[in-house]
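Accompanying notes for the structure given below.
2 protein chains.
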Amino acid sequence: MEQIKQYIEQHRDRFLDELFELLRFPSVSADPKYKDSVLKTADFVAGKLKQAGADNVEVCPTAGYPIVYGEKIIDATLPTVLVYGHYDVQPPDPLELWKTPPFEPTFRDGKIYARGACDDKGQFYMHVKAFELMMETNTLPCNIKFMIEGEEEVGSNNLGIFVKANKEKLKADVVLISDTSMISMENPSLETGLRGLSYLEVEVVGPNRDLHSGVYGGAVANPITILTKMIASLHDENNHITIPGFYDKVLVLSDEEKKALNAAPYNEAEYKTDLDVEELWGEKGYSTFERIGTRPTLEVNGIWGGYIGEGAKTVLPSKANAKISMRLVPNQTSAEITKIFTDHFEKIAPKSVKVKVTPHHGGEPVVTPTDSIAYKAAQQAITESFGKAPIPTRGGGSIPIVALFEAELGIKTVLMGFGLDSDALHSPNEKYDIFNYYKGIETLPLFHKYYAELSK
Amino acid sequence: MEQIKQYIEQHRDRFLDELFELLRFPSVSADPKYKDSVLKTADFVAGKLKQAGADNVEVCPTAGYPIVYGEKIIDATLPTVLVYGHYDVQPPDPLELWKTPPFEPTFRDGKIYARGACDDKGQFYMHVKAFELMMETNTLPCNIKFMIEGEEEVGSNNLGIFVKANKEKLKADVVLISDTSMISMENPSLETGLRGLSYLEVEVVGPNRDLHSGVYGGAVANPITILTKMIASLHDENNHITIPGFYDKVLVLSDEEKKALNAAPYNEAEYKTDLDVEELWGEKGYSTFERIGTRPTLEVNGIWGGYIGEGAKTVLPSKANAKISMRLVPNQTSAEITKIFTDHFEKIAPKSVKVKVTPHHGGEPVVTPTDSIAYKAAQQAITESFGKAPIPTRGGGSIPIVALFEAELGIKTVLMGFGLDSDALHSPNEKYDIFNYYKGIETLPLFHKYYAELSK
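Protein sequences, first through last, are from chains Y and X. Using the numbering used here, the first residue of the first sequence is number 14, and each one after it goes up by one. Using the numbering used here, the first residue of the second sequence is number 14, and each one after it goes up by one.
Pasting the structure below:
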């Protein structure tokens with residue numbers, strides 16, 4: 014541990030400078046106008062892996078953005094850890110809400126502010142520096158492989174193809190990912206589950222053209238009104254989803270699991286104050302942690318229709334649209350839920366409109382068993398580094414490729430994230446605490462150490 | 014009648030050329046970037062009034078766009094007709110849906126396609142040509158005044174101020190407006206009523222920032238979901254508006270009035286085919302004409318919230334907005350309904366969100382008595398010109414200034430419109446039929462003739 018801290022002290026500033034360099038690339042995968050930047054980011058990451066000591070570093074082409082690969086095989090008989098991360102980031106909009114520009118990383122109040130600071134550049138880069146540290150101090154205890162992709166924010170469509178075509182190359186014993194958060198630095202935690210995802214776009218079409226709402230209002234169905242009625246019907250008065258069959262496969266937590274989950278620190282007053290809401294909202298009969306970690310949900314991520322510019326326009330629009338996503342829990346599956354939703358939405362549409370449902374990318378829910386070697390190694394690493402055992406938590410977000418890795422490579426994933434809920438992922442003013450960045454670099458070598466030891 | 018037809022024949026082409034010139038000005042009052050064009054349009058209209066023979070032609074300044082005035086007083090003992098129209102037009106968007114550019118008037122299949130072709134340039138300009146005709150043939154039988162404003166599409170805010178400040182100047186016996194439609198050229202009609210308008214913008218705010226829908230979804234109210242629930246609750250299963258007190262002041266039609274209203278030709282199959290809808294929608298227990306002409310309605314003109322760009326973004330947005338308007342019938346009043354809506358919307362908002370309601374411009378409903386001299390004059394003019402008596406109809410749209418004229422000038426309005434429902438007002442590919450344009454120029458002098466005669 015001392016050797017680790019010393020190395021970090023000596024290279025502190027460079028570690029930060031390199032991260033800032035990485036953050037300056039506007040590697041927005043969702044928007045084609047950033048294409049050049051995304052490609053340059055891949056090259057940058059490959060260069061840094063090489064400098065850290067990796068062999069066989071490649072920028073592997075795909076039908077979309079490339080996947081950066083690198084490895085260090087020290088002994089074929091030792092276990093292999095496969096580190097996954099992503100170098101692409103969310104779109105920065107709405108730009109006007111950022112205090113400092115999203116691609117000009119700024120240090121403020123002990124935090125690094127930039128799009129991608131936490132999700133995922135700050136987090137995956139800790140692994141590159143932890144790797145460099147172990148190489149330079151000659152303490153790498155197992156084999157390590159890196160797979161850093163560029164399309165996580167747009168559904169990782171080409172990752173599955175890459176994984177399936179490179180099973181030998183990617184052969185490993187466990188996947189290690191830092192793309193989640195802890196309760197706090199005082200209360201370190203380990204995510205033992207992630208929700209799945211089903212994402213769809215719906216379109217409701219009424220009349221074949223925009224109409225004058227005076228001339229036609231009251232005689233013709235307004236697709237906005239119909240869409241609101243349909244969406245409103247998806248939750249009952251207990252905020253329970255009304256789609257038939259939706260909850261059929263949901264695993265209910267045992268009383269013991271519930272107790273462990275709710276034992277994590279939670280201050281409802283602070284939670285509400287942080288969001289500036291008077292009252293929370295959720296499925297009746299479940300605590301906040303249960304709602305986020307163990308219950309499936311349905312959110313409208315976007316809605317639009319009619320005239321949305323300045324001033325008034327009395328139009329009865331031809332159509333209305335919404336983007337809807339559902340978070341899933343074991344044992345729901347993305348394909349099944351997508352179908353259930355589609356069938357239901359088409360069924361509840363009145364005859365006065367036509368409805369179209371278009372599915373986007375999805376992902377399966379996952380749970381990591383707490384009695385596995387990998388989980389125990391992570392647990393020991395955190396206990397030593399933080400001086401406190403991590404609390405097991407169930408995450409609300411989705412990392413679809415975790416289920417992919419299990420299906421294609423037959424291996425589990427350990428989620429050792431060092432982010433915080435306040436990091437504002439996907440929002441303006443995303444940040445990553447400096448303390449967390451260095452703490453991660455300090456803790457990750459301990460994971461490899463204990464993983465190798467427990468694997469003997 | 015012969016003399017009228019002959020004059021129109023002789024000046025046919027010029028009448029059309031002048032209208033095309035008028036249509037080329039992009040006089041969009043809602044968008045400040047068109048300011049110069051709006052002002053130039055006012056000058057153009059003033060010039061044409063002067064050329065037609067009007068006296069005291071003025072481009073009268075207001076706090077917004079100017080009002081064009083002109084008059085011909087032939088004898089103080091004769092009645093005076095005040096012609097109202099508006100030279101401003103609706104915004105042209107969405108541009109990509111126009112077959113030919115909105116401000117390049119194009120003649121196609123017997124129709125003039127342009128923004129403003131019908132609403133209101135084609136229609137008010139018929140009055141300028143009818144006036145020229147009467148002047149040139151020395152057949153003007155009464156005094157005439159013109160008041161053509163430039164802000165009708167944005168609420169006519171400065172018209173009221175102008176009217177109140179110029180009551181002497183605007184003194185007249187009746188207001189004549191062409192800004193409505195007929196059933197068809199085979200079934201001419203006269204609008205005897207217009208609905209009122211109440212227009213508001215609502216905003217629902219949940220958390221103080223956009224959130225990651227995985228990290229928070231299920232635990233925090235999504236303002237889009239809440240907004241859809243609130244909007245959905247505004248109509249019950251019979252499409253009756255649920256706002257308490259909403260219908261209190263509504264005058265119910267007598268059986269006789271209902272019978273007359275529903276006697277107008279109506280082909281439901283064609284109505285549906287024209288809009289390409291399988292089923293109509295409306296308040297249970299009322300026919301299409303009753304729903305449009307005699308019942309108040311609530312429409313959502315626009316809705317937006319969250320991520321509405323390309324692809325998927327898993328955001329739980331901070332807020333959601335909608336533009337909502339209600340059409341009113343006698344004896345509802347715009348101020349009262351605006352207050353009733355605001356109070357109700359604020360009341361049904363759950364504690365997990367904050368709601369803001371912002372009113373826009375409104376207008377009162379009006380009815381023109383069919384036993385008045387003005388109505389009879391219009392009726393006779395149409396009977397002579399079309400060879401058939403006009404069917405009395407109740408219009409769905411609003412012309413708020415009609416109630417203003419009654420309140421401030423103490424006079425009624427006759428609505429002699431020559432448009433058609435298919436004109437696509439407020440939509441892409443707005444048009445005005447050439448036949449209707451010339452028919453209007455032919456019919457309007459007859460109105461003045463009979464109005465003067467019946468007034469003796």
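A virtual CB, placed ideally from N, CA and C, is assigned to each residue, including glycine.
Please report whether the beta-carbon of LEU417/X lies at a distance below 8 Å from any beta-carbon of chain Y. no
Starting from PRO45/X, follow the beta strand (DSSP E) in both directions and report where the run begins and ends. That residue, PRO45/X, is in no beta strand (DSSP E); it is neither H nor E in DSSP.
Just grab the DSSP bridge partners of PRO378/Y for me. PRO378/Y is not bridged to any residue.
Does LEU264/Y pass the burial test, meaning 16 or more other C-beta atoms within 10 Å, or should it be called exposed? exposed
Indicate whether the contact test is met: 3 or more Cβ pairs, each with one atom in the region 338-349 of chain X and one in the region 290-300 of chain X, closer than 8 Å. no
Bridge partner(s) assigned by DSSP for ALA333/X: VAL217/X and GLY318/X
Contained alpha helix (DSSP H) runs [length at least 4] in the region 69-135 of chain Y, N- to C-terminal order: none
Skipping 5 residues on each side, what residues in its chain have a beta carbon closer than 6 Å to that of LYS182/Y? none
Limits of the unbroken alpha helix (DSSP H) element including ILE196/X: ILE196/X -> no alpha helix (DSSP H), and no H or E assigned at all.
ASP434/X: contacting residues in chain Y (beta-carbon distance under 7 Å): VAL228
Tell me the DSSP secondary structure of HIS253/Y in three-state form. coil
Taking 8 Å as the threshold (beta carbon to beta carbon), is ASP249/Y in contact with chain X? no
Whole angstroms is fine: what's the gap from LYS271/X's alpha carbon to MET195/X's? 19 Å
Report the residues of the region 319-330 of chain X with a CB closer than 9 Å to any CB of chain Y, ordered along the chain. GLY319, TYR320, ILE321, GLY322, GLU323, GLY324, ALA325, LYS326, THR327, VAL328, LEU329 and PRO330
Pairing CB atoms from the region 422-429 of chain X with CB atoms from the region 210-227 of chain X, are three or more of them under 8 Å? no
Would DSSP call HIS24/X helix, strand or coil? helix
CB contact flag (VAL81/Y, VAL72/Y, <8 Å): yes
Nearest CA to the CA of ASP132/Y: which residue from GLY163/Y, ASP223/Y, ILE361/Y and TRP111/Y? GLY163/Y
Chain Y within 8 Å of SER510/X, Cβ atoms only: Limits of chain X in this structure are 14 at one end and 469 at the other, which puts residue 510/X out of reach.
GLU164/X - DSSP class collapsed to helix/strand/coil: coil
Ordered along the chain, which non-local residues of its own chain (more than five positions away) have a Cβ less than 8 Å from that of MET148/Y? ALA65, GLY66 and LYS85
Compute the Euclidean distance between the alpha carbons of PRO378/X and VAL141/X, then round it to the nearest angstrom. 28 Å
Extract the residue ranges of the alpha helix (DSSP H) inside the region 381-466 of chain X, only unbroken runs of 4 or more that lie entirely within it. 386-399 and 414-422
Three-state secondary structure (DSSP) of PHE57/X: helix
Counting C-beta neighbours from all protein chains within 10 Å, is the total for ASP30/X 16 or more, i.e. buried, or is it exposed? exposed
Take VAL178/Y as the anchor and find which of ARG27/Y, THR75/Y, ILE321/Y and GLU296/Y has the nearest alpha-carbon. Checking the displayed sequence, the identity of residue 178/Y turns out to be Ala instead of Val. Of the listed residues, the one whose Cα sits closest to ALA178/Y is THR75/Y.
So, using beta-carbon positions, are ILE254/X and LEU311/X closer together than 8 Å? yes
Limits of the alpha helix (DSSP H) - the one that PRO372/Y falls within: PRO372/Y -> not in any alpha helix (DSSP H); beta strand (DSSP E) instead, spanning 367-372.
If I'm right that THR351/Y touches LEU213/Y with Cβ under 8 Å, what's the distance once you round it to whole angstroms? 7 Å
Could you list the residues in the region 353-369 of chain Y with a C-beta less than 9 Å from some C-beta on chain X, going in chain order? PRO363, LYS364, SER365, VAL366 and LYS367
What do you reckon, are the CB atoms on GLY209/Y and GLN103/Y nearer than 8 Å? no
Of the residues ARG27/Y, ILE21/Y and ASP56/Y, the one placed nearest PHE38/Y, counting alpha carbons only: ASP56/Y
When the Cα atoms are used, what is the spatial distance from ALA130/X to ALA333/Y? 28 Å
With the cut-off set at 8 Å, would you say SER50/X and SER40/X are in Cβ contact? yes
One question on the structure: do GLY409/Y and VAL313/X come within less than 8 Å of each other, judged by their Cβ atoms? no
Assign THR156/X to one of three DSSP states: helix, strand, or coil. The question names Thr, but residue 156/X in the sequence shown is Asn. Strand.
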